[in-house]
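Colleague: Dropping the structure in here first, questions after.
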Amino acid sequence: MKHTCLPALLLLLTGCEPAQFAGGTALPDGSVYAGDLENGLFHGQGELSWPDGRRYEGEFRQGRMTGQGRYVFGDGCSYDGEMLDGDFDGNGRYACGETVWEGEFQQGELLTGSVAWDNGEAYQGEFQGWEPSGQGHRTTVEGAHYEGTFANGYLVQGSYRDEQGYRYQGGFEYSYYNGEGELTQPDGTVIRATFEYGEANGEGVRIRQDGDGEPVEEPGYFVAGQYYASKQAWRGSDRQLKAAVEARLYSEADRLQSMFSTLAPQRPGVRDVYLLIVGGDGTSPVFAKEVDWVSQRLGTVFDIAQRQLRLSNGSGDKFPLATRTSVRESLKALDAVMDPDEDLLLVHLVSHGDDNGDFKLAEHKLPLNDLSVADGKQWLDGLNARHQWIIVSACYSGLWKDALANPERAIFTSAAPDRTSFGCSDDSERTWFSAALYGDALNAGVGDPAAWFNAANRRVTEMEREQGIEEDAHSLPQQAVGKAFLRWWRQ
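For the sequence shown, the numbering used here assigns the number 134 to the initial residue and increments by one for each residue that follows.
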């Protein structure tokens with residue numbers, strides 16, 4: 134939590150009638166001062182402490198916290214550095230949790246310097262309102278670099294590079310390549326075009342080396358990053374692609390049945406956990422990445438090796454496609470092997486979400502219908518499995534909590550009904566809510582659903598504050614744990 138200003142302190146002791154005693158000077162607001170005085174004012178070295186746990190140690194000048202000092206807030210956050218009239222002003226270091234801001238402060242705000250977030254990311258450069266703003270350089274834990282002009286925490290014009298060998302120069306929007314730009318791929322191919330959401334679209338130029346190593350410019354037409362010699366060539370290729378998509382669709386029923394056949398039977402006398410993970414939007418790589426990661430993390434606390442089904446768009450042929458049909462059939466398949474009274478059905482859904490609650494299902498070149506809250510409720514209500522734990526990581530997912538809540542369900546959602554959630558950009562490894570829920574919060578144990586959710590909720594709030602997201606835009610994750618579910622889970 135950032136504290137942007139401190140109360141200025143100018144105390145003429147004779148004017149506010151403090152009480153002096155052996156331990157220091159007590160002030161009307163309950164604070165206590167111990168230290169040097171000059172002409173009735175705090176002046177020199179001193180310590181001021183408040184009943185709510187705040188404490189300042191350092192220099193005072195003419196009754197104000199001015200000079201070198203250390204200010205500790207009631208929540209444990211602290212500032213070490215130069216002060217002027219009660220504000221951070223000058224060179225200093227502000228720490229809150231594992232996140233640290235350092236640099237040149239003025240009137241309580243960081244102007245230039247650096248921040249190291251507790252998720253491993255870092256930024257160095259100019260700030261405004263505690264967010265990267267102006268010229269700067271940001272690095273991610275995966276080794277990516279964003280450098281150039283920032284606004285409201287995001288790069289808007291500049292360059293990108295990563296350890297895979299991708300290089301980009303041009304416009305950005307919310308970490309996506311956006312606008313006129315030039316992308317150099319790891320094999321040396323250069324694309325000059327207009328980018329939308331990270332991919333080249335429309336007319337542009339591809340530059341490759343010929344057999345003699347000389348660059349060859351190839352004017353053409355781009356669709357979702359794919360190069361075609363002309364718009365007409367794209368249309369012909371598009372027909373071939375649609376034929377391949379059709380063939381894929383015809384094979385999906387066999388792929389689903391093959392996956393269903395691997396499910397292990399229910400074990401009498403054992404509370405088995407059966408898991409369904411759905412990565413909905415294949416046009417955003419973060420969701421496909423999350424499917425594998427969530428499976429791996431839950432495998433550390435539940436015996437799900439042969440009791441899980443994974444559906445994912447954007448994963449190639451690795452898993453069956455995530456469609457309304459495959460989701461419904463997967464729920465039926467799990468329900469058929471479970472003991473409805475003894476076992477747990479655990480469902481994790483991750484994708485983009487619409488403001489009406491629709492869960493987005495999308496695959497490149499394949500139009501899919503989204504999954505509505507009403508359909509999800511109907512399908513889950515129609516199962517024999519009594520005990521269900523549903524987790525939805527998507528914007529506006531609180532609408533799922535409102536619809537699904539009942540005494541025998543536990544429901545976690547990444548956002549309130551009217552809020553978006555975060556962590557869906559192409560360079561993300563996982564959504565923020567999932568990163569929190571299956572990170573350290575999972576290590577604390579899942580025996581207490583409320584405690585598990587609260588730990589994740591706190592972490593999400595910390596991440597949003599660290600990234601400078603205004604409080605009225607926080608995602609506000611939601612939970613609803615039924616009393617009957619909780620009694621059964623605690624047995």
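Just so you know, even glycine gets a beta-carbon here, dropped at the ideal spot from N, CA and C.
Using the three-state DSSP reduction, which class does residue 97 fall into: helix, strand or coil?
Modeller: For the chain, the structure presents residues 134 to 624; residue 97 sits outside this window and is missing.
Colleague: Runs of 4 residues minimum, wholly inside the segment 430 to 470: which ones carry the alpha helix (DSSP H) assignment?
Modeller: 457 to 470
Colleague: According to DSSP, which residues form a beta bridge with residue 418?
Modeller: Your numbering for residue 418 matches position 285 in the sequence shown. According to DSSP, residue 418 bridges with nothing at all.
Colleague: Considering only the alpha carbon of each residue, which of 522, 409 and 230 lies closest to residue 205?
Modeller: Position 72 of the sequence shown holds residue 205. Measuring from the Cα of residue 205, the nearest candidate turns out to be 230.
Colleague: Rounded to a whole number of angstroms, what is the C-alpha to C-alpha distance between residue 522 and residue 183?
Modeller: Taking the sequence shown and counting its residues from 1, the one referred to as residue 522 is at position 389. Taking the sequence shown and counting its residues from 1, the one referred to as residue 183 is at position 50. Answer to the nearest angstrom: the Cα atoms are 45 Å apart.
Colleague: For residue 226, which option in 211, 583 and 217 has the closest C-alpha, if you only look at C-alpha atoms?
Modeller: One-based indexing of the sequence shown puts residue 226 at position 93. Of all alpha-carbon atoms in 211, 583 and 217, the one lying nearest the alpha-carbon of residue 226 is that of 211.
Colleague: Can you have a look at residue 530 and say buried or exposed, based on whether 16 or more other CB atoms are within 10 angstroms of its CB?
Modeller: Against the sequence shown, residue 530 aligns to sequence position 397. That one is buried.
Colleague: Specify whether the segment 265 to 273 and the segment 281 to 289 touch according to this definition: at least 3 beta carbon pairs, one from each stretch, less than 8 Å apart.
Modeller: yes
Colleague: Taking the continuous alpha helix (DSSP H) assigned at residue 599, which residues delimit it?
Modeller: On the sequence shown, residue 599 is found 466 positions in, with the first residue counted as 1. Run containing residue 599: 582 to 599, per the alpha helix (DSSP H) assignment.
Colleague: If you drop the 5 nearest sequence neighbours on each side, which residues of the same chain put their C-beta closer than 7 Å to that of residue 528?
Modeller: Position 395 of the sequence shown, counting from 1, holds the residue named residue 528. Cβ within range, chain order: 485, 486, 548, 553 and 554.
Colleague: Report, in whole angstroms, the separation of the C-beta atoms of residue 407 and residue 454, which I expect to be a contact under 8 Å.
Modeller: Locating residue 407 in the sequence shown gives position 274, where the first residue counts as 1. Locating residue 454 in the sequence shown gives position 321, where the first residue counts as 1. Not really, about 21 Å apart at Cβ, beyond 8 Å.
Colleague: I'd like to check one pair, residue 464 with residue 506: are the Cβ atoms closer than 8 Å?
Modeller: As a working mapping, residue 506 is identified with position 373 in the sequence shown. As a working mapping, residue 464 is identified with position 331 in the sequence shown. Cβ atoms of residue 506 and residue 464: not closer than 8 Å.
Colleague: Quick one: is residue 172 buried, meaning 16 or more other Cβ sit within 10 Å of its Cβ, or exposed?
Modeller: Start at 1 with the first residue of the sequence shown, and residue 172 comes out as number 39. Exposed, by the Cβ-count rule.
Colleague: Any idea which residues DSSP pairs residue 190 with across the strands?
Modeller: Locating residue 190 in the sequence shown gives position 57, counting from the first residue. The partner list for residue 190 (beta bridge, DSSP) reads 180 and 203.
Colleague: Once the 5 residues before and after residue 397 are set aside, which same chain residues still bring their CB inside 6 Å of it?
Modeller: Mapped onto the sequence shown, residue 397 falls at position 264. Within the same chain, residue 397 has close Cβ partners 439 and 440.
Colleague: Can you name the residues that DSSP bridges to residue 210?
Modeller: Working through the sequence shown from its first residue, we reach residue 210 at position 77. Residue 210 pairs with nothing; no bridge assigned.
Colleague: Locate the beta strand (DSSP E) running through residue 514, then write down its first and last residues.
Modeller: As a working note, residue 514 is residue 381 in the sequence shown. No beta strand (DSSP E) holds residue 514; the alpha helix (DSSP H) holding it covers 506 to 514.
Colleague: Give the DSSP bridge partners of residue 330, in chain order.
Modeller: Locating residue 330 in the sequence shown gives position 197, counting from the first residue. DSSP lists no partner for residue 330.
Colleague: Looking only at its own chain, which residues have a Cβ that is under 8 Å from the Cβ of residue 459, when we skip the five neighbours before and after it?
Modeller: Position 326 of the sequence shown, counted from the first residue, corresponds to residue 459. Only 385, 389, 444 and 453 meet the Cβ criterion.
Colleague: Could you tell me the distance, in whole angstroms, from the CA atom of residue 301 to the CA atom of residue 275?
Modeller: Along the sequence shown, one-based indexing puts residue 301 at 168. Along the sequence shown, one-based indexing puts residue 275 at 142. Between residue 301 and residue 275, the C-alpha separation is close to 17 Å.
Colleague: Short check: CB of residue 304 to CB of residue 313, under 8 Å?
Modeller: In the sequence shown, residue 304 corresponds to position 171, counting from 1. In the sequence shown, residue 313 corresponds to position 180, counting from 1. Contact: yes.
Colleague: So within the segment 244 to 320, which uninterrupted beta strand (DSSP E) runs reach at least 3 residues, ignoring any that extend past its ends?
Modeller: Segments of the beta strand (DSSP E) lying fully in the segment 244 to 320: 255 to 261, 264 to 272, 278 to 284, 287 to 294, 300 to 306 and 309 to 317.
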